[in-house]
Structures are given as structure tokens and as C-alpha cells.
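Undergrad: Okay, so the sequence shown: first residue is 7 according to the working numbering, each after it adds one. So that we are looking at the same thing, I have put the structure below in C-alpha cells.
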Amino acid sequence: MSKNTTFGSKFGLIAATVGSAVGLGNVWRFPSLAQENGGGAFLLVYICCIFILGIPVMLAEFSLGRAGGSDAVGSFKNLTPNKKWWIAGCFGLLASYLILMFYMVVAGWTVEYLWGSISGSLYEGISSQAVTDGTFFTGKMQEMILSNNAPLLWTFVMIVINLVILLKGVKKGIEKISNILMPLLFLILLIFCAVSLSLPNASEGLKFFLMPDFSKITTDVIVAALGQAFFSLSLGMGILVTYSSYFPKDTKMVRTSITITILDFSVSVLMGFIIFPAVVSFGINGSESVAGMTLVFVTLPEIFSQMAGTQLWSVLFFLLLSVAALTSTISISEVAIAFAHDRFNISRKKACYIVLLPMFVFSTVCSLSLCGYDMLQVAGMPLFDALDKFTSNMILPVSAFLICIYVGWVLPKNFLKNELTNNGTFRSLATPVVLFLIKFICPVLVALIFFGNFT
Ligand code: PHE
């Protein structure tokens with residue numbers, strides 16, 4: 007049972023949890039949102055959001071998971087055995103499994119591009135005219151991502167890598183791999199930062215990213231920043247509840263949550279330091295060039311192709327992206343694995359297979375839905391996008407809302423205080439502030455995300 011498993015070291019605990027939080031949300035969602043929503047102004051609002059919403063909800067999930075000592079659903083059952091609150095945990099479980107279906111596909115693209123960079127096929131047949139026109143890498147993206155077979159192979163590779171790591175368990179699998187991959191990720195980020203900041207005109211790009219233009223702050227910007235804080239810190243997905251059930255009892259949770267949040271935030275900011283100077287310096291204009299998929303699969307390869315050492319930079323970047331995606335898929339798979347293992351009393355090995363083998367089918371369907379098959383369209387969009395919208399806009403906010411109500415209002419008054427102070431073994435000035443935010447402010451903010459997505 008997972009309740010007997012704990013992370014082996016503080017470093018491992020932080021590395022694994024940061025690994026879950028750092029994902030494509032930091033690498034491509036954050037820079038494109040910052041670009042769309044007024045650069046520095048967005049950054050400022052975002053910082054407020056992580057303090058007011060991110061850290062308190064993270065602490066609510068940590069308290070729930072460590073005290074409950076079980077998976078995302080079982081933790082509710084253990085804390086309030088005779089009540090139906092475990093249903094709240096089902097939202098996180100459901101969201102995580104649905105997210106896994108399409109996130110595994112995206113993770114596959116990252117290794118596909120990594121391989122394309124290593125083998126050189128990503129830059130094969132390049133002509134400077136096609137790069138200038140913006141057609142070359144758009145064509146490559148069409149070939150590599152939006153075609154029937156190529157991406158599937160790489161999605162399968164990613165599923166197998168996940169399976170191999172998860173079968174080894176929490177300490178020897180998740181923790182060990184995070185201990186290696188997370189320092190590697192930060193190292194690559196710092197190398198890119200140094201390169202980008204030394205480009206000509208780098209300061210122009212930085213200025214846009216860092217100087218707040220307060221007239222740009224609107225309700226839409228606030229909702230976007232709240233949503234990003236929420237997604238980036240992996241709230242409401244059951245991941246933090248599951249991982250914190252592996253926290254030792256003496257973990258100082260406030261300190262841990264602040265460390266994790268700062269590390270996650272610094273990855274997003276470092277990405278801004280990389281993207282904005284590079285885009286300005288290479289004269290790439292237009293907000294579309296920084297938008298989501300285009301940024302990583304078209305704009306950045308375009309920039310690499312104009313730099314000396316194209317292949318080296320390309321390999322390093324897609325390695326960074328693959329690492330970010332892999333540690334996220336591991337954490338999101340673990341939610342369902344811990345659930346199957348704990349609830350149905352089956353071995354961890356069996357649980358890994360039960361969770362991941364169906365992904366060969368589900369992720370294939372998601373991937374194919376992007377290739378224009380009519381029967382794979384839902385509500386006028388590919389199943390892939392529909393799942394993304396349905397989970398991010400609807401299930402995740404509901405899940406987090408219920409967690410706030412549960413921890414703030416349903417559990418005994420002293421629950422959060424006891425968890426944050428490890429049963430009174432030290433004082434924590436943050437406790438009353440966190441409790442206030444969880445009870446009164448966070449539910450409102452989460453509701454804002456929910457309703458903001460419909461207007
Ligand atoms: N925090 C992750 C990110 O920024 C979100 C996520 C985690 C998504 C795990 C899927 C799986 O990308």
C-alpha cells in the first residue's frame with residue numbers, strides 16, 4: 007500500500023514534486039500567455055496569483071494527502087470514513103486520467119523532435135527561402151505531428167518509458183529519475199538563458215517581458231493568470247494529494263510548498279528570459295510566432311537554424327522539453343496507479359499495467375483526432391482539444407473548489423493547523439493566513455476561473 011512508501015530524501019521529494027509541476031505549461035503556455043496579456047503586467051498579476059491561490063491550494067492538497075495517507079480518493083475516505091466526500095477526489099482522478107490521454111501524445115511529440123534533432127532529419131532539405139517564408143518548419147510540423155503514423159510511434163515510446171520508470175516504484179523509479187532529470191533541466195535552462203541574454207538587442211525583448219504596463223491589466227488578464235497558476239502548479243489533478251501521501255511525517259509543508267512554487271515559477275520566468283530576447287533579436291514578429299505549439303515546433307527551430315551549432319541547440323532544447331513532459335506524465339500516471347493499487351489491493355506492478363496499457367488505445371485515438379477524422383470530432387473540435395478544454399475549464403476547477411471547501415469547512419477546525427505545524431511541534435505564522443485564504447478567497451478565485459472560461 008502506498009501509505010508505507012515515502013520519498014527517501016528531502017531533495018528527492020522536492021525534485022519529484024517540482025518535476026510534476028514543471029511541464030509544457032511553463033515552457034510554452036507561460037510565454038504565450040505573457041505575450042498575449044501585456045508582458046510585465048501579466049508577470050506581476052501572475053506572481054500575486056501564485057501567492058493567493060497557488061500556495062494555499064497546494065497546502066490544502068498536501069495536508070489532505072499526508073494526513074489521509076492514501077491515493078487521491080482514499081485520502082478523503084480515510085479522513086471522513088462515513089461521508090461521501092471521496093466523490094470530490096474522483097474529480098481529480100478523472101481529470102488526471104483524461105489529461106494523461108492527450109498529454110502523452112504531446113509528450114510523444116517532444117521525443118519525436120528530440121530524435122529529429124539528433125538524427126538531423128528536422129533540418130533536412132532546409133532552404134533559407136522556406137525558413138524566411140515560415141513554410142519550412144510549418145511543413146515539418148504537419149509531417150511530424152499532424153500525420154497518422156509518425157507521432158503514434160513516439161507516443162508509444164513515451165508510454166513505454168513511463169511504464170519502465172513507474173514499475174520500479176516511488177523511491178527507485180519516480181524519485182531516482184527526478185533526482186537526475188530535474189538538475190539536468192535547470193542546467194539546460196541556464197545555458198539557454200546565457201546564450202539568449204547575450205544576443206544583440208536582447209534588452210528590447212526583456213523590457214517587454216519585465217516592464218509592467220498597468221493599463222493592460224483587465225479581468226481577462228487576471229483570469230488568464232489565475233488559470234495559469236492553477237495549471238502550472240498541477241492543482242486539482244490529484245497529483246499533489248498522491249505525492250504528499252509519500253511525504254514523511256516531519257516534512258515542513260509550508261517551506262516545501264514555497265520551494266516548489268518558486269522553482270516552478272523560476273522555470274517559467276527563465277523561459278521568458280530565453281524566448282523574448284531571442285524572438286526580438288532574430289526579428290521574428292507577430293504574436294502567432296509565440297503562440298503555443300508554433301513557439302516550440304516552428305519559431306524555435308527557425309531560430310536554431312539561423313544559429314551556429316544548430317543541431318546542438320536543437321538537441322538541448324528538445325531534451326529539456328522531453329524531460330519536462332516526462333516528469334509530468336509520470337506524476338499524472340501515478341494518480342491512477344496509486345488509486346488502483348490502494349483501492350483494489352492489487353500489486354503495484356499490476357496497477358501500472360492496468361493504467362498504462364489502455365493508453366496505447368486512448369492516446370492513439372486522441373492523436374488521430376487531430377488528423378481530421380469526422381468521427382473523432384467532439385463538440386465541433388478534435389477529441390484531443392475537447393478533452394483539454396473539458397478538463398482544464400471544467401473538472402479541474404470543480405475539483406479544487408471541493409478541496410478548498412473540504413479542508414476549510416468540513417474537516418475539524420484544527421486540521422490544517424496541525425498539518426502545517428506538524429501537530430504543534432513548531433509555530434507557523436503562515437497558518438492563519440493560509441486558513442483564511444482557503445476558506446474565503448481561494449473558492450472564489452477558482453469559481454472565477456470556472457466562469458471566466460465561459461465568457
Ligand atoms: N503543471 C503541469 C504543466 O505545467 C501540468 C501537468 C502536470 C499536466 C502533469 C499534465 C501532467 O505542464
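For glycine and all other residues, C-beta sits at the position ideal for the given N, C-alpha and C. Predicted model, so just to flag it, every value in this text is computed and none were measured.
Starting from the Cα of I309, find the closest Cα among I343, Y129, L191 and give me that residue.
TA: For this step, residue 309 is matched to residue 303 along the sequence shown. If we check each option's Cα against that of I309, Y129 comes out closest.
Undergrad: Are there three or more Cβ pairs, one per stretch, closer than 8 angstroms when the stretch 236-249 is compared with the stretch 94-114?
TA: The stretch 236-249, when compared against the stretch 94-114, does touch it at the 8 angstroms Cβ threshold.
Undergrad: Are at least three pairs of beta-carbons, each pair with one atom in the stretch 49-66 and one in the stretch 265-281, less than 8 angstroms apart?
TA: In short, these stretches touch, since the Cβ pair count reaches three.
Undergrad: In chain order, what are the residue ranges of uninterrupted alpha helix (DSSP H) at least 4 long that sit wholly in the stretch 200-232?
TA: Runs found: 208-216.
Undergrad: What does DSSP give as the partner residue(s) for M381 in the beta ladder?
TA: Here the question's residue 381 lines up with position 375 in the sequence shown. In the DSSP output, where bridge partners are listed per residue, M381 has none listed.
Undergrad: Are at least three pairs of beta-carbons, each pair with one atom in the stretch 202-217 and one in the stretch 276-286, less than 8 angstroms apart?
TA: Yes, they touch.
Undergrad: In the DSSP assignment, find the alpha helix (DSSP H) that holds T144 and state where it starts and stops.
TA: Within the sequence shown, the letter at position 138 stands for residue 144. Segment 142-151, the alpha helix (DSSP H) holding T144.
Undergrad: Starting from A453, follow the alpha helix (DSSP H) in both directions and report where the run begins and ends.
TA: If you number the sequence shown from 1, residue 453 lands on position 447. Taken as a continuous stretch (DSSP letters only), the alpha helix (DSSP H) holding A453 covers 448-458.
Undergrad: Quick check: what's the CA-CA separation for L362 versus M164?
TA: Translated into positions along the sequence shown, residue 362 becomes position 356. Translated into positions along the sequence shown, residue 164 becomes position 158. Approximately 11 angstroms between the Cα atoms of the pair.
Undergrad: Considering only the beta carbon of each residue, do T257 and R35 sit closer than 9 angstroms?
TA: Within the sequence shown, the letter at position 251 stands for residue 257. Within the sequence shown, the letter at position 29 stands for residue 35. No. Outside cutoff.
Undergrad: Closer than 8 angstroms: is that where the CB of N424 sits relative to any heavy atom of the ligand PHE?
TA: On the sequence shown, position 418 is the one that residue 424 refers to. No.
Undergrad: Thinking N32 and S238 are a contact (beta carbons under 8 angstroms), I'd like their distance in whole angstroms, please.
TA: As a working note, residue 32 is residue 26 in the sequence shown. As a working note, residue 238 is residue 232 in the sequence shown. With a Cβ gap of about 6 angstroms, N32 and S238 count as contacting.
Undergrad: Consult DSSP for P388 and reduce its assignment to one of helix, strand or coil.
TA: In the sequence shown, the residue the question calls residue 388 occupies position 382. Strand at P388.
Undergrad: May I have the straight-line CA-CA distance separating V304 from R261, to the nearest angstrom?
TA: Locating residue 304 in the sequence shown gives position 298, where the first residue counts as 1. Locating residue 261 in the sequence shown gives position 255, where the first residue counts as 1. When rounded, the distance between both Cα atoms is 39 angstroms.
Undergrad: Could you give the uninterrupted runs of the alpha helix (DSSP H) lying entirely in the stretch 288-354, keeping only those of 4 residues or more?
TA: The stretch 288-354 contains these whole alpha helix (DSSP H) runs: 306-311, 316-349.
Undergrad: Report yes if the CB atom of V371 is closer than 9 angstroms to the CB atom of M147, and no otherwise.
TA: To locate residue 371, count along the sequence shown from 1; it is residue 365. To locate residue 147, count along the sequence shown from 1; it is residue 141. Not a contact, by the Cβ cut-off of 9 angstroms.
Undergrad: Would you mind stating whether I56 and A235 have Cβ atoms separated by less than 9 angstroms?
TA: Here residue 56 is taken as the residue at index 50 of the sequence shown, counted from 1. Here residue 235 is taken as the residue at index 229 of the sequence shown, counted from 1. Their beta carbons are under 9 angstroms apart, which means I56 touches A235 by this criterion.
Undergrad: Please determine, among A392, G25, S153, the residue with the shortest C-alpha to C-alpha distance to G192.
TA: One-based indexing of the sequence shown puts residue 192 at position 186. Looking at the sequence provided, one finds Phe at residue 192 rather than Gly. Of A392, G25, S153, the residue nearest in Cα terms is G25.
Undergrad: Using only the alpha-carbon positions, how far apart do M400 and F460 sit?
TA: Residue mapping note: residue 400 aligns to position 394 of the sequence shown, counting from 1. Residue mapping note: residue 460 aligns to position 454 of the sequence shown, counting from 1. The alpha-carbon atoms of M400 and F460 are separated by roughly 10 angstroms.
Undergrad: Helix, strand or coil for G45 per DSSP?
TA: As a first step, residue 45 must be located in the sequence shown, where it is residue number 39. Looking at G45 - three-state DSSP - the assignment turns out to be strand.
Undergrad: Would you tell me roughly how many angstroms separate the C-alpha atoms of L451 and L232, rounded to the nearest one?
TA: As a first step, residue 451 is located in the sequence shown; it is residue number 445 there, counting from the start. As a first step, residue 232 is located in the sequence shown; it is residue number 226 there, counting from the start. Computed Cα separation, rounded: 8 angstroms.
Undergrad: Spell out whether any CB of chain D is found under 9 angstroms from the CB atom of Y103.
TA: The displayed structure is made up of one protein chain only, and chain D is not part of it.
Undergrad: Out of S123, D348, S38, state which residue places its alpha-carbon closest to the alpha-carbon of V318.
TA: Within the sequence shown, residue 318 is the residue found at index 312, counting from 1. Reading off the sequence, residue 318 comes out as Leu, not Val. Closest by alpha carbon: S123.
Undergrad: Could you give the C-beta distance for K177 and F13, rounded to a whole number, given that I count them as a contact under 8 angstroms?
TA: Here residue 177 refers to the residue found at position 171 of the sequence shown. Here residue 13 refers to the residue found at position 7 of the sequence shown. Right, the Cβ-Cβ distance comes to about 7 angstroms (below 8 angstroms), so this counts as a contact.
Undergrad: Enumerate in chain order the residues of its own chain whose CB-to-CB distance from A342 is below 6 angstroms, with the five nearest sequence positions on each side excluded.
TA: The residue given as residue 342 occupies position 336 in the sequence shown. Cβ neighbours of A342 beyond the five flanking positions: Y103, V361.
Undergrad: If you run the structure through DSSP and keep just helix, strand and coil, what is R35?
TA: To locate residue 35, count along the sequence shown from 1; it is residue 29. R35: helix per DSSP, three-state reduction.
Undergrad: Cα-Cα, which of T138, L196, I444, L152 is closest to L408?
TA: Position 402 of the sequence shown, counted from the start, is the residue given in the question as residue 408. Looking at the Cα atoms, I444 is the closest of the given residues.
Undergrad: Using the three-state DSSP reduction, which class does P418 fall into: helix, strand or coil?
TA: As a working mapping, residue 418 is identified with position 412 in the sequence shown. Note: P418 maps to coil in three-state DSSP.
Undergrad: Is M243 a contact residue of the ligand PHE, with contact defined as CB to any heavy atom under 8 angstroms?
TA: Locating residue 243 in the sequence shown gives position 237, counting from the first residue. The answer is yes for M243.
Undergrad: What residue does the alpha helix (DSSP H) around A94 start on, and which one ends it?
TA: As a first step, residue 94 is located in the sequence shown; it is residue number 88 there, counting from the start. A94 -> alpha helix (DSSP H) spans 92-125.
Undergrad: Check whether the Cβ atoms of V321 and L152 sit closer than 9 angstroms, and answer yes or no.
TA: Working through the sequence shown from its first residue, we reach residue 321 at position 315. Working through the sequence shown from its first residue, we reach residue 152 at position 146. No, Cβ-Cβ distance for V321 and L152 is not below 9 angstroms.
Undergrad: Could you check which residue in I105, P438, M110, E425 has the C-alpha nearest to that of F396?
TA: The residue you call residue 396 lines up with position 390 of the sequence shown. Of the candidates I105, P438, M110, E425, the one whose C-alpha sits nearest the C-alpha of F396 is I105.
Undergrad: Three Cβ pairs or more, each shorter than 8 angstroms: is that satisfied between the stretch 289-301 and the stretch 74-82?
TA: At 8 angstroms Cβ cutoff, the stretches do not touch.
Undergrad: Look at S463 and S250 and say whether their C-beta atoms are less than 9 angstroms apart.
TA: A question about residue 463 goes unanswered here, because the residues of the chain that appear run from 7 up to 461.
Undergrad: Does the distance between the C-beta of S133 and the nearest non-hydrogen atom of the ligand PHE fall short of 8 angstroms?
TA: By 1-based counting over the sequence shown, the position of residue 133 is 127. Answer for S133: no, Cβ out of range of the ligand PHE.
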